[in-house]
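The sequence shown begins at 1 in UniProt numbering and counts up one residue at a time.
C-beta atoms are modelled at their ideal positions from N, C-alpha and C, and glycine is treated no differently.
To start, the structure under review is shown below, and the notes come after it.
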Amino acid sequence: MSSRTNDTGSQASSQYDWAKNVPCRNILIHGFCKWENKGCSFSHDTGKTQPQSQPPPSQQASSTKSGPVSITAPAGETSASLAKSPSSSLPLSSGNSSTALGKKKFNFETPSFTPGSGGLTSPSSPNVNTITSKFAKMSPKLNNIPVFVPSSKTPNVSNSPTAKKVGFNPETAPVFTPSGLDAAPGAGIGAYSASPSMPAASLMPQPDVDDAYYSQKHMLFPPNYHLYAPAAPPHIQIKQYPNERLAEDLFIPNQLRETIQKKNEESLQVLPMSNLPDAIDVYHSLYPISQSFEEGSDRRSIIYKAVSNVDGKLYALRRIENVNIPNEKSLAPVNSWKDLGCANVVRLYEAFTTGAFGDLSLVMIYDYHPLSSTLMERHFYKMSDREFPELITEDLLWIYIVELTNAISMVHSKNLAVRTFDQSKIIITNKNRIRFSGCGIADILDFETNEDMESLQKADLRLFGSLILNLAKSTIFPQKIQNLSDLEIVNALGLSSGFKDALKWLLNEEGTIRDFQQIICDQTMKVVNGLQMSCDFMESVLGLEVENARLVRLMTKLDFVSDRPEFQLDHSWSETGERYPIKLFRDYVFHQVDEAGKPVLDLTHVISCLNKLDAGVEERLLLVNQEETSCIIISYKELKNCVEETFKFLRGR
1 MSSRTNDTGS
11 QASSQYDWAK
21 NVPCRNILIH
31 GFCKWENKGC
41 SFSHDTGKTQ
51 PQSQPPPSQQ
61 ASSTKSGPVS
71 ITAPAGETSA
81 SLAKSPSSSL
91 PLSSGNSSTA
101 LGKKKFNFET
111 PSFTPGSGGL
121 TSPSSPNVNT
131 ITSKFAKMSP
141 KLNNIPVFVP
151 SSKTPNVSNS
161 PTAKKVGFNP
171 ETAPVFTPSG
181 LDAAPGAGIG
191 AYSASPSMPA
201 ASLMPQPDVD
211 DAYYSQKHML
221 FPPNYHLYAP
231 AAPPHIQIKQ
241 YPNERLAEDL
251 FIPNQLRETI
261 QKKNEESLQV
271 LPMSNLPDAI
281 DVYHSLYPIS
291 QSFEEGSDRR
301 SIIYKAVSNV
311 DGKLYALRRI
321 ENVNIPNEKS
331 LAPVNSWKDL
341 GCANVVRLYE
351 AFTTGAFGDL
361 SLVMIYDYHP
371 LSSTLMERHF
381 YKMSDREFPE
391 LITEDLLWIY
401 IVELTNAISM
411 VHSKNLAVRT
421 FDQSKIIITN
431 KNRIRFSGCG
441 IADILDFETN
451 EDMESLQKAD
461 LRLFGSLILN
471 LAKSTIFPQK
481 IQNLSDLEIV
491 NALGLSSGFK
501 DALKWLLNEE
511 GTIRDFQQII
521 CDQTMKVVNG
531 LQMSCDFMES
541 VLGLEVENAR
551 LVRLMTKLDF
561 VSDRPEFQLD
571 HSWSETGERY
581 PIKLFRDYVF
591 HQVDEAGKPV
601 LDLTHVISCL
611 NKLDAGVEER
621 LLLVNQEETS
631 CIIISYKELK
641 NCVEETFKFL
651 RGR
């Protein structure tokens, strides 16, 4: 029996032989181990080992001057094992303290942990293989585990002879570059890349800055368009009685409001880190919008948004590259286009040449219409994942025909010709509002040709018909119209006979634009009716905003006269003063609570009270202070007089 017990003990001792050199954590944490000599297999020699004598102060000073010594503890060893190392510079206690160390509950002389500096290890630091070999008996496969070596773009400075002298070098340090901001696709002009919210920024040349400090990738955060809760979908709206009103009935419709806010955002956008000129004549703050190529040439045309120093308004600058203007007479047609006022033609103001872009460019100044898109972009390009091309219907084609006919008629009446029917130079500014945006370009570029104006105006009708035909082709499959003439394609369209007859008339060039207006007079009346209804809608929305402006002015007056610190000791604002009802009314409107003490956020109540105060009605209301210790019965008319008198008092101070 005894022999069997001895065998078991020998097996247990041999099983835990690997722990003999591992310091016991109880001594490191508590200063003693209650399982010492009672079965604990870890080493308890930390407190019993006599520390080596410390060198004299002179030697310590000399060692300090020679350079810092890095103490790097290997994995698995603690600070207590460093205390036994002769290379440690941490002082230990004297000889008498070592015998009393085992009696203390806490060891205050345990050396603190000092991490290695910057990954620079001394030559005496143990290797990773020597550390793992200590625990190789635990698992025979431990030596086969691959060692993790972190990858780095910077060279390993620990192997260089000057590793101990180099701390942090900002020139060789890697630069943080956000990975979530990808460049916009299609940035093919120049090397400037932009965020998806700025697709036109790819028109910019490469900035002369270092990529390490100026990242080309940036992101714009658009404003929150839902400033208040939008209207519910029609299928879940609650039935509303004639005398009831919802919160959205008091404000501008959400869709119109978001459109206007997006236009404001587009108008205020700026482009950082650009190589564009600071100013072109009297225009500054250039921002690229779009680009195209002039018909019949390889000249690139780029449109910029700019601010005028003269009136502070926004204008569209169309720059045409590499244009040689022999004399100033070539710019004379601009004066004729300046006098043209048409709702379907973007107004041209002036034209001049400049070398600010590095070449001789022609710059033409037009009206700026934010958030506009070309015919090509609206109907044939997918602008984003959520914006698909708009389908072309016969009603939409009739609207385009009527509006462009109006533009051509106004241009021909001024003895001018449009000459530009490119889909990239016809823009859509609002819902079903189409405009020519490139008028006057051909007159300047082809000034010396001296073409007959009558032939140019007839060519306008033919180009107009080709434009409408190209738009109408999208309503049928392309396989059905292959190898067909224009008239055969018109007959193959699945549209009304009236539309086909009007399109054939344009393609045949049978008369003037006045004759074509008589053909489409019925459709013209329909478009005019739609425009009149749109005007009525805008006028009603404007009426709502007028009421909101009145309320804003009234709320501003209340904020001006309420809770002014200089009036805290004024007896007129006390509970017995004549201005005290203003404070109670503000609490009545904005600081109401329910029976449970929760705030009441009733927008209808606020607007109703402010409207009554602005009108000064005779209706009376009960005002109670927050402590519910006093109350006042007063009319809105008396409150209005009190607010006006107090505001006049402030203005007179």
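Closest option to VAL606, judged by alpha-carbon separation, among ARG586, GLY597, PRO277: ARG586. Relative to LEU622, the option among GLU454, VAL589, ALA492, MET410 whose CA is nearest is VAL589. For the pair of segments examined, the stretch 478-489 was found not to touch the stretch 517-524: the number of CB pairs separated by less than 8 Å stays below three. Here the alpha carbons of GLU619 and PHE647 stand approximately 22 Å from one another. CYS609 and CYS342 have their alpha carbons spaced roughly 46 Å apart. Residues THR405, ILE408, SER409, HIS412, LEU461 of the same chain have their beta carbon placed closer than 7 Å to that of ILE513, with the five preceding and five following residues left out of the count. By the neighbour-count criterion, in which 16 or more other beta carbons inside 10 Å mark a residue as buried, GLN626 falls on the exposed side. In the same chain as GLY577, and ignoring 5 residues on each side of it, the C-beta atoms closer than 8 Å to its own belong to ASP570, HIS571, in chain order.
TYR400 and ILE428 have their alpha carbons spaced roughly 10 Å apart. Each residue's CA atom was taken as its position, placing VAL346 and ASP367 some 6 Å apart. Nearest C-alpha to LEU467 among GLY438, PHE357, ASP422: ASP422. DSSP links GLN261 through a beta bridge to no other residue.
Annotation: LEU569 is outside any beta strand (DSSP E) and is labelled neither H nor E by DSSP. Going by C-alpha positions, ASP17 is about 20 Å away from LEU28. Taking all protein chains in view, the Cβ of PHE464 is crowded by 16 or more other Cβ atoms within 10 Å, so the residue is classified as buried. Taken in chain order, the unbroken stretches of beta strand (DSSP E) that lie wholly in the stretch 344-384 and span 3 residues or more are 348-354, 361-367. The way I'd put it, the stretch 468-482 does touch the stretch 495-512; three or more beta-carbon pairs between them come closer than 8 Å. Linking PHE516 to TRP505 through their CA atoms gives a straight-line distance of about 8 Å. Within a 10 Å sphere around the beta-carbon of LYS313 sit fewer than 16 other beta-carbons, which makes this residue exposed.
Within the DSSP secondary-structure output, VAL624 pairs in a beta bridge with CYS631. With contacts defined as CB atoms closer than 8 Å, LEU362 and ILE325 qualify as a contacting pair. Rounded to the nearest whole angstrom, the CA to CA distance from PHE251 to ARG257 is 9 Å.
If you check the CB distance, TYR283 and TYR315 come in under 8 Å.
For GLN291, DSSP records a beta bridge to ILE302. Spanning the alpha carbons of LEU542 and GLU265 requires a straight line of approximately 21 Å. Out of LEU551, SER301, ASN309, the CA that lies nearest to the CA of ARG318 is found in SER301. If you compare the alpha carbons of GLY39, SER635, ILE280, PRO333 with that of MET453, the shortest gap goes to PRO333. DSSP places ARG435 in the uninterrupted beta strand (DSSP E) bounded by 433-436.
Ranked by Cα distance from VAL643, the options LEU445, ARG653, PHE560 are led by PHE560. Counted as a single uninterrupted DSSP element, the stretch harbouring ALA316 is not any alpha helix (DSSP H) but the beta strand (DSSP E) occupying residues 314-320. Sorting PHE388, ILE303, GLY511 by C-alpha distance to the C-alpha of ILE320 places ILE303 at the top.
For ASN26, the uninterrupted alpha helix (DSSP H) run begins and ends at 25-30, by DSSP. For GLY355 and LEU416, the gap between their C-alpha atoms comes out near 29 Å. Its chain contains CYS24, ILE27, CYS33, GLU36 as the residues whose beta carbon lies nearer than 7 Å to that of HIS44, once the 5 sequence neighbours on both sides are disregarded; these appear in chain order. Here VAL418 carries a coil assignment [DSSP, helix/strand/coil]. Inter-residue distance for ALA615 and LYS637 is about 8 Å (C-alpha atoms, whole angstroms).
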